[in-house]
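**Student:** Let me begin by handing over the structure; questions about it come next.
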Amino acid sequence: MDIESFCTYMKDEMTGWKAKSYDLVRNMEKMSMGPDEKRAASIAEMGAIIERVEQILKKLETECPANWDSEKAELDNMICDIKETWREASAASPDDFD
């Protein structure tokens, strides 16, 4: 996969995760008790990972390095981290996580 295709794919992936996170935050704001600490921490962690992914993608798009294997590996790991964080948070309250 070339760098342009990869960046496009990752942007689409991040758009999906940002939408899921945003929807979850909105649902949590509607809860009478508010979010518990674990869910709030999970959402904050996902937000930080998404932000870092977007920084790396911007760098790849502007610099377009010939060898971007390390960035690709880091991004792939971050996607795994987001998915794991989502699974952990959803275990506490499955109805809030679609």
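So for the sequence shown, the working numbering puts the first residue at 38; every next one is plus one. From the three backbone atoms N, C-alpha and C, an ideal C-beta is built for every residue, glycine too.
1. Work out the CA separation of E74 and C117 for me, nearest whole Å.
2. Under the three-state reduction of DSSP, which class applies to M115: helix, strand or coil?
3. How should A103 be labelled, buried or exposed, when 16 other C-beta atoms within 10 angstroms of its C-beta is the threshold for buried?
4. Could you give the residue range of the alpha helix (DSSP H) that holds A103?
**Tutor:** For this structure:
1. Translated into the one-based positions of the sequence shown, residue 117 becomes position 80. Translated into the one-based positions of the sequence shown, residue 74 becomes position 37. Approximately 22 Å between the Cα atoms of the pair.
2. Residue mapping note: residue 115 aligns to position 78 of the sequence shown, counting from 1. M115 falls in the helix class under three-state DSSP.
3. Counting from one through the sequence shown, the residue named residue 103 turns up at place 66. Here A103 is exposed. Its C-beta has fewer than 16 other C-beta atoms within 10 Å.
4. Position 66 of the sequence shown, counted from the start, is the residue given in the question as residue 103. That residue, A103, is in no alpha helix (DSSP H); it is neither H nor E in DSSP.
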